[in-house]
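With the sequence shown counted from 1, adding 21 to any position gets you our numbering.
All C-beta atoms in this analysis are idealised placements derived from N, C-alpha and C, irrespective of residue type, glycine included.
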Amino acid sequence: MICNLHSFFQQGHYEIRAYNGSLHAGEVRSQIVLALAISNAAMTKKYCSPHVSQSDNMRYSFRVWLLNLGLIGDEFKNCRTHLLKHLEGDIAWRHPEDGIAARARLKEKRELEKQAAREQRNEPVCHSDDETECIPDENNEPSESECDGIEELEMSM
């Protein structure tokens, strides 16, 4: 039994006995925050559904449930990490095949962007409207008039 209601009837509070002992501060904090979030939801929700939901991806479903409890934002990021680390599945997609398809689309998009960047670097840029070929300037040496004011140094060994 997870919830001990004997203490509720005798002393007015309840106990949750669902956690294994741990000395890791983050795990202990996440267990306390989860218990507080569940008790807050029990006091503030107007109704709850008695049916058990079926899910292909328990990690995604648990993450959505934590977000519905109010564990949203950077403040609860560490708690969500500790609570979700033992579950398997894709955290971002409800159905695993959707995640695989999205990763494939993203990979294809990145490849197209890389290919476009490579093509742009290899082709010279021509801004003229006529159909002449773009010939890059091969003579990049300064002319004699540009070198008049510069002293020439001669090296010898």
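If you count every other CB in all the chains shown that lies within 10 Å of the CB of residue i, and 16 or more means buried, which is it?
{"i": "Leu88", "result": "exposed"}
{"i": "Val54", "result": "buried"}
{"i": "Ser51", "result": "buried"}
{"i": "His27", "result": "exposed"}
{"i": "Arg101", "result": "buried"}
{"i": "Met22", "result": "Bear in mind that a pLDDT of 46 at Met22, under 50, signals an unreliable position, so the model cannot answer this."}
In three-state DSSP terms, what is residue i?
{"i": "Glu36", "result": "strand"}
{"i": "Ser43", "result": "coil"}
{"i": "Glu129", "result": "helix"}
{"i": "Lys106", "result": "coil"}
{"i": "Ala138", "result": "helix"}
{"i": "Ile183", "result": "Nothing about residue 183 can be reported from this structure: the residues present for the chain run from 22 to 178 only."}
Tell me the rounded alpha-carbon separation between residue i and residue j.
{"i": "Asn99", "j": "Glu109", "result": "18 angstroms"}
{"i": "Ala113", "j": "Leu104", "result": "16 angstroms"}
{"i": "Arg38", "j": "Val49", "result": "13 angstroms"}
{"i": "Tyr40", "j": "Tyr68", "result": "26 angstroms"}
{"i": "Glu132", "j": "Arg115", "result": "26 angstroms"}
{"i": "Asp138", "j": "Val85", "result": "It is worth fixing the name first, because residue 138 is Ala in this sequence and not Asp. Their backbone Cα atoms lie some 39 angstroms apart in a straight line."}
{"i": "Ser74", "j": "Arg124", "result": "27 angstroms"}
{"i": "Glu118", "j": "Leu127", "result": "14 angstroms"}
{"i": "Pro71", "j": "Gly120", "result": "30 angstroms"}
{"i": "Ala62", "j": "Gly91", "result": "9 angstroms"}
{"i": "Asn143", "j": "Lys135", "result": "13 angstroms"}
{"i": "Glu36", "j": "Phe30", "result": "11 angstroms"}
{"i": "Thr65", "j": "Lys106", "result": "28 angstroms"}
Are the stretch 89-96 and the stretch 29-46 in contact at 8 angstroms, needing three or more beta carbon pairs? They do not touch, by the three-pair rule.
(message) Closer than 8 angstroms is the cut-off here; do at least three beta carbon pairs connect the stretch 46-62 with the stretch 73-84?
(response) Verdict: no, contact absent.
**Request:** At 4 residues or longer, and completely inside the stretch 48-104: list those alpha helix (DSSP H) runs for me, N to C.
**Result:** Assignment of alpha helix (DSSP H) within the stretch 48-104, counting only whole runs of 4 or more residues, yields 79-90 in chain order.
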